[in-house]
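Student:
Residue numbers (this note's numbering), protein chains in the order written: chain A, 4 to 626; chain B, 50 to 287; chain C, 103 to 353.
1) Please confirm if residue 288 (chain C) has its CB atom under 8 Å from at least one CB of chain A.
2) DSSP has residue 448 (chain A) in a bridge; who is on the other side?
3) Using a Cβ-Cβ cutoff of less than 7 Å, which residues in the same chain neighbour residue 470 (chain A) once the five nearest sequence positions on both sides are dropped?
4) Spell out a yes or no on whether the region 249-265 of chain C and the region 190-205 of chain C are touching, meaning 3 or more CB-CB pairs, one atom from each, closer than 8 Å.
5) Counting pairs of Cβ atoms below 8 Å between the region 114-124 of chain B and the region 162-180 of chain B, do you hit three or more?
6) If contacts are defined as beta-carbon pairs under 8 Å, then residue 221 (chain A) and residue 75 (chain A) qualify, I think. What distance do you get, rounded to the angstrom?
7) For the 8 Å Cβ check, are there 3 or more pairs between the region 338-351 of chain A and the region 453-473 of chain A?
8) Short of 9 Å Cβ to Cβ, which residues in the region 228-250 of chain A face chain B?
9) Do residue 317 (chain C) and residue 309 (chain C) come within 8 Å of each other at the CB atom, strictly closer than that value?
10) Could you give the uninterrupted runs of the alpha helix (DSSP H) lying entirely in the region 247-316 of chain A, keeping only those of 4 residues or more?
11) Using the three-state DSSP reduction, which class does residue 209 (chain B) fall into: helix, strand or coil?
12) Counting only beta-carbon separations shorter than 8 Å, does residue 204 (chain B) have a partner in chain A?
13) Tell me the residue span of the beta strand (DSSP E) that contains residue 485 (chain A).
14) Could you list the residues in the region 103-118 of chain C with a C-beta less than 8 Å from some C-beta on chain B, going in chain order?
15) Are the C-beta of residue 190 (chain C) and some C-beta of chain A separated by less than 8 Å?
16) Closer than 8 Å, CB to CB, is residue 179 (chain A) near chain B or not?
17) With a threshold of 8 Å between beta-carbons, can residue 186 (chain C) be considered close to chain D, or not?
18) Is the CB-CB distance between residue 63 (chain B) and residue 108 (chain B) below 8 Å?
19) CB residue 151 (chain B) to CB residue 135 (chain B), shorter than 8 Å?
20) Is the CB-CB distance between residue 221 (chain B) and residue 325 (chain C) below 8 Å?
21) Would you check if the distance between the CB atom of residue 32 (chain A) and the CB atom of residue 597 (chain A) is smaller than 8 Å?
22) Taking Cβ positions only, does residue 558 (chain A) come closer than 8 Å to chain B?
23) Roughly how many angstroms separate the alpha carbons of residue 77 (chain A) and residue 87 (chain A), rounded to a whole number?
24) Under 7 Å: does the beta carbon of residue 193 (chain A) sit that close to some heavy atom of the ligand NAP?
25) The beta strand (DSSP E) spanning residue 119 (chain C) covers which residue range?
26) Please classify residue 303 (chain A) as buried or exposed, where buried requires at least 16 other C-beta atoms within 10 Å of its C-beta.
27) Listed in chain order, which residues of the region 175-189 of chain B have Cβ atoms closer than 9 Å to some Cβ of chain C?
28) Which residue comes first and which comes last in the beta strand (DSSP E) that contains residue 260 (chain B)?
29) Under 8 Å, Cβ to Cβ, is there at least one residue of chain A near residue 257 (chain C)?
30) Of all the beta strand (DSSP E) runs that stay within the bounds of the region 262-342 of chain C, which reach a length of 3 or more residues?
31) Count the C-beta pairs between the region 119-126 of chain A and the region 88-108 of chain A that are closer than 8 Å, then say yes if the count reaches three, no if not.
32) Closer than 8 Å by C-beta to residue 74 (chain B): which residues in its own chain qualify, once you throw out the five before and the five after it? Chain order, please.
33) Quick one: Cα of residue 50 (chain B) to Cα of residue 275 (chain B), how far?
34) Spell out a yes or no on whether the region 235-247 of chain C and the region 155-171 of chain C are touching, meaning 3 or more CB-CB pairs, one atom from each, closer than 8 Å.
35) Distance check for residue 186 (chain A) and residue 96 (chain A), CA to CA, integer angstroms please.
36) From the DSSP output, in three-state form, read off residue 182 (chain B) for me.
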C-alpha cells in the first residue's frame, strides 16, 4: 500500500511537469505583454506534433536523437511564437485587452486547421523515449522510467528560469516591464524586441511542455483547449505572475489528479475544481499571488450610458415589426436561421450584461448556455418533462450554476476573473463530455421534441421571439434601474462605490446570476429548436463565439451585441459547411482585429477622430 | 555648438482620443538652461513632455533635439539620443531593488553629456547608496522620487524632462529636490520641468512658460514673471 | 462634541509598522489636518477609518460606537463620507446620477430591478449640487468635467449619506491655488452649517495652515505633534522632519 502511494505520488510529480511548463510560459507572457495568450495551448499542441515528426526522422532508437528532437521542437515552437508576436500582436498592443484576446483565439482556430491539414485527424501515439522505455521497481510497484525524467525536468526548468530572471540583464528588464512596460521604453529600452523575446521564451516553454509529454499522451487536435484550461487553473491557483506559484500549483493539481485516478477515476475534474475552490477561498490571489491594487481613478473614461432616445426607439419598433412579419414571407431555411440568431442574440446580450455594465469579462459564458440546454434536455429525455416546464427549469438550473461559480469569480477581478470563468466552463464541459451514462458524452442527447402546439416552425418562431424579446427587454430595464446603477458604480469606481455603501461584490454576484439565468433561457430554447444537444454547446469555442459577437458589435452600446450576434451567426452558418472553416473564421477574426483595433463599433469613432485631427492640423497650417 | 536651442518644439498638437489636449504649442530649451512649464492639472503639461519623448504621438508639429528631427520616433530611440524623461508619480519598479532599478536605466556614455556611474550617483544621492539591495517599493516617497531621477541619469542624458518633481513631496524633500536640480544644472545638464508649484519653480528655473488649456499663455524669464503680477494673477492666482 | 475618537491604533505590513499607536479626536464642526512625509502612515490611517483596512489593534469610535474592522459599506451607512486623492466618480453617469446613486445607496433602494433610477432622489441630488455650485452642470457626463468641478461633485457625493464625519484625502491635490482656496472655504462653510467633523490630509501647506483648526503630524507611523497651526509651525521637530525652513522663512 505504501509502495502504491509512493509510486502514485511520483506519477503525480511527473504529470505536473508539462502543466508547469505551459503555465509558466503563459504567466511570463501575460506579465510583460498583458496579453492572455489563448494560443498558448496551440503552441503546446504544435510542440507535441512537431516533436512527433522529428522523432520519426531523428530519433530512431537513440537517446540523443529523442532529446534533440524535443529541444528542436521547442525551439521551432519558440520561433513560431515569436513570428506570431511580430506578425499579429505587435500591431495591436494598444488595442483593448479583449481584442488582443480575440486575435489569439483567431490563432487557435488557424493552428487547429493547420494541424489538421498537416498531421491529419487521427490521434498520434507518441514514441517511447529510447533508454527510458522500461520501468523501475519502487517498493514493489512499477514506475515508468520516463516519469523519472519528467520529475527532474520541472525543478530544473524552475531553477533555470530563476537564474534567467534574477541573474541576467534580460531578466531585470523583463521584471521591470512586468510592472511598467511603458517606463522601460521611456528609459531607452526597445520594447518591441523585449516583447518578442518574452514571447520566444514563453512559446519555448509551451513547446517543451508539449514535446516532453509526447511519449505519455501523444498528440491530438483537442489538447490545445484542454491544456489551456488546465494552465488557467494553475495560473489562478498559483498566483498570477508567480513562477514558483505555478510550480507549486502544478504539483498540487498533478498530485490530486494522480490520486483521484486511483480512488475514483471520474472524480479527477471535480477534484481539480474543489482544489481550486478551496485555494481561492483561503487565498483569493492564489498560493503565491499578491492582491492587485485597485485604481482609485477607475477605468478610463466610460462613455455616458443613456436610455434610448426617440430615433432609437423608432428603429427598434421597425426591427420588431420586421421580425413579427418575417414568417409571412420567409422560407423555412430563413426562419430556422432567424430562430438561431434570436437565441444567440439573447446569449450575447446576457454576456454583455456582465461584461458591459458589470465590467466582468467572462471567457466561459457558454457554461450557462450549456447548463440550460442540458438541464432542459435531461428533464425532457430522462424524466419526460413537458417542454413548458423544461424551458422554465433551464434558467433555474443555469442560474444555480452561475450562483455557485459566480461566488468564486466575483472574488477576483479583471483577467483573473476571466480565467476562472473559463476554468469553470471547461470543468462543466468535461463533466458533460465524460459522464457518458447521463449525458451521452460526445453522442449528445437526441430526440427532444416540442410540445404539439409549438411543433410548427412558425409557432416556435414566435415563441422564441417572445421569450428572447422579453428577456432582452428585462435586462435593459435592469440596467437603467437602481440595480444597474449599483453594478455600474462598482465597475466605474469600486473605491467610490464602497465608500457610499454599495456592497459591490454582492451586486456583481447578482449580475452574474442574472446573466447566467438569461443564458440558460437561450440554452433551453436552443435545445428545442434543434431537438438535440451536444457538448459543443458549452465548449470554449462557444464561449468565444459570444465574446466575438459582443466585441464586434461594440461592448459600449446596448444594442451592438444583438447586431454582432446576427452578423456572426450568419457568417458562421455560411462557412461552416466548408472543410477548413476554422481557418477562414480564425483568419477573419485576426484580419478584423488588425484592421479595426477598436472594434467595428469603434470604426465610426476612429473616423471622427481622424477627421477632427486633420481639421485641427489644417487650421493650424494656415498662417 | 549649434546656434539653435537644444530642444526646439514647434506647433505641437496632440489629442487624447476625442479631446484635443495641445494646441499649436511651441517652446524651446537652450543648452545648460532650466526651463519650466507652469500650469494647473489638466493644462497639458504632462502631455507636452510625453509628446516630446515619444510616449504620445503628436497629430502635428515638430520636435527637434540637437538639430535632429525626432517627431514620431519611438521613446527608446529618443532616450538613446540623450533625452531623459522622469515621469510624474514616480513610477519606480517597486519589485526591483535600487541597484536593479538603476540597471534598467543604464545606457552607453555620450560625448556631449555628463557621464554617470552608480558611484557618482550615490555621491549625489547619498541615501540611495545605503539601500542598494532594498526593494524600491519599501522606500519612502522622497527616496523613490530621488531614485526616479537617478535612474534616468543612468542613461547619461544631455537634457532631461522632469514631470512635476515636487508633487506630493514633503516640504523638506522639496528643498532637497531643488538642490538636486541645481547640482545637475551646474554639471551642464539642460532641464525642462513641469510644475504647479510656483515657489519651487522660482527656486530652480531660468525661464518659464505658462500653459493653460493646451496653449502657451505667457513666456519669459523667471525674474520677469516674479515681477509680472498681472500674469501671475491671471494664470496662476497665487 | 467628539465625533471621532481614535485610540492606540496599530497596523503593520510585513514587519513594517505603518501605523504605530496613534491617538487623536475630531470634534463636530472642526477641520483637523493630518500631515507628514510620504509613508508616514496617513493613507493607512485613512483606509482603516474608512474600513478598507482592518487594524491590528486599537479602537476607532464614531460617536461612541466602535467601527474598527467594519466593512466600508457599513461604515458609510453609519455616517462617514469620503473623498479621494485622485477623484473617484462614476464615469458612465451624469453629475446628477453620481449623486443620485449615492442617495439611492444611502436609502437602501439599490435592489430595484424595474423602475428607472433616473427619477429617484433627483430633487435631493439637485439640492446637494446647488450647495456645491454644480447644479448648472448636473446633466453633463462626469468624464468631461474640469478637475476642480470633479472635486466639487465628489464633495456632493460624500455629503449624500448625511455624514457626521468627512474624510478627505488630499482634497486639493492637482488644483490651481485659487481653486484650492475656494474648495476649502466651501468645505469649511458646509461642515460648519451641518456640524460635520472633517479629517483631511494635505501636502499644500498653504491649505493646511490656512484652513485647519487643528493639525496632527505623523512620522513613521507615530504622532509627533498636534495642536493649533501656530503651535505646529513653531514645533522644532516638525520643522526638522517635515516642514523644512522654507515654510518658516516665508512667514
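Cβ atoms here follow ideal geometry from the backbone N, Cα and C, with glycine treated the same way.
Tutor: In short:
1) Within the third chain, the letter at position 186 stands for residue 288 (chain C). No, residue 288 (chain C) does not count as interfacial toward chain A.
2) Counting from 1 along the first chain, the entry for residue 448 (chain A) is found at position 445. Bridge partners of residue 448 (chain A): A:536.
3) Translated into positions along the first chain, residue 470 (chain A) becomes position 467. So the qualifying residues of the chain are 524 and 528.
4) yes
5) no
6) Your numbering for residue 221 (chain A) matches position 218 in the first chain. Your numbering for residue 75 (chain A) matches position 72 in the first chain. With a Cβ gap of about 19 Å, residue 221 (chain A) and residue 75 (chain A) do not count as contacting.
7) yes
8) none
9) Stepping through the third chain from its first residue, residue 309 (chain C) is reached at position 207. Stepping through the third chain from its first residue, residue 317 (chain C) is reached at position 215. It is not a contact, given that the beta carbons lie outside the stated cut-off.
10) 271-285
11) Numbered from its first residue, the second chain carries residue 209 (chain B) at position 160. DSSP places residue 209 (chain B) in strand when its eight states are reduced to three.
12) What you label residue 204 (chain B) is simply residue 155 of the second chain in a count that begins at 1. Judged by the 8 Å Cβ criterion, residue 204 (chain B) is in contact with chain A.
13) Numbered from its first residue, the first chain carries residue 485 (chain A) at position 482. Counting along the chain, residue 485 (chain A) falls outside any beta strand (DSSP E), though it belongs to the alpha helix (DSSP H) covering 485-495.
14) 118
15) Locating residue 190 (chain C) in the third chain gives position 88, counting from the first residue. Yes, its Cβ sits closer than 8 Å to a Cβ of chain A.
16) For the purposes of this step, residue 179 (chain A) is identified with residue 176 of the first chain, where counting begins at 1. Yes, residue 179 (chain A) counts as interfacial toward chain B.
17) As a matter of chain content, chain D is missing from the structure shown, whose protein chains are A, B and C.
18) In the second chain, counting from the first residue as 1, residue 63 (chain B) sits at position 14. In the second chain, counting from the first residue as 1, residue 108 (chain B) sits at position 59. Taking 8 Å as the Cβ cut-off, residue 63 (chain B) and residue 108 (chain B) qualify as a contacting pair.
19) On the second chain, position 102 is the one that residue 151 (chain B) refers to. On the second chain, position 86 is the one that residue 135 (chain B) refers to. No, Cβ-Cβ distance for residue 151 (chain B) and residue 135 (chain B) is not below 8 Å.
20) Taking the second chain and counting its residues from 1, one reaches residue 221 (chain B) at position 172. Taking the third chain and counting its residues from 1, one reaches residue 325 (chain C) at position 223. Cβ distance not < 8 Å, so residue 221 (chain B) and residue 325 (chain C) don't count as in contact.
21) For the purposes of this step, residue 32 (chain A) is taken as the residue at position 29 of the first chain. For the purposes of this step, residue 597 (chain A) is taken as the residue at position 594 of the first chain. Not closer than 8 Å, so no.
22) Position 555 of the first chain, counted from the first residue, corresponds to residue 558 (chain A). It does not; no Cβ of chain B falls within 8 Å.
23) On the first chain, residue 77 (chain A) is found 74 positions in, with the first residue counted as 1. On the first chain, residue 87 (chain A) is found 84 positions in, with the first residue counted as 1. One C-alpha to the other measures close to 15 Å.
24) Only the bare structure without any ligand can be found here, which leaves the ligand NAP out of the picture.
25) Residue 119 (chain C) sits at position 17 when you count from the first residue of the third chain. Residues 118-129.
26) Indexing the first chain from 1 puts residue 303 (chain A) at position 300. Its pLDDT being 49, under 50, residue 303 (chain A) is placed unreliably by the model, and the measurement read from it follows with that caveat. Under this definition residue 303 (chain A) is an exposed residue.
27) 187, 188 and 189
28) The residue given as residue 260 (chain B) occupies position 211 in the second chain. Looking at the DSSP string, the run of the beta strand (DSSP E) that includes residue 260 (chain B) is 256-261.
29) If you number the third chain from 1, residue 257 (chain C) lands on position 155. So, not an interface residue.
30) 267-271, 299-303, 316-321 and 324-329
31) no
32) Numbered from its first residue, the second chain carries residue 74 (chain B) at position 25. Taken in chain order, the residues that qualify are 58, 60, 61, 62, 93, 97, 110, 260, 263, 264 and 265.
33) Position 1 of the second chain, counted from the first residue, corresponds to residue 50 (chain B). Position 226 of the second chain, counted from the first residue, corresponds to residue 275 (chain B). Because residue 50 (chain B) carries a pLDDT of 41, less than 50, the predicted location of this residue cannot be relied on, and the following value inherits that uncertainty. When rounded, the distance between both Cα atoms is 31 Å.
34) no
35) Counted from its first residue, the first chain places residue 96 (chain A) at position 93. Counted from its first residue, the first chain places residue 186 (chain A) at position 183. Taking the straight line from one Cα to the other gives about 15 Å.
36) Locating residue 182 (chain B) in the second chain gives position 133, counting from the first residue. Reduced to three states, the DSSP call for residue 182 (chain B) is coil.
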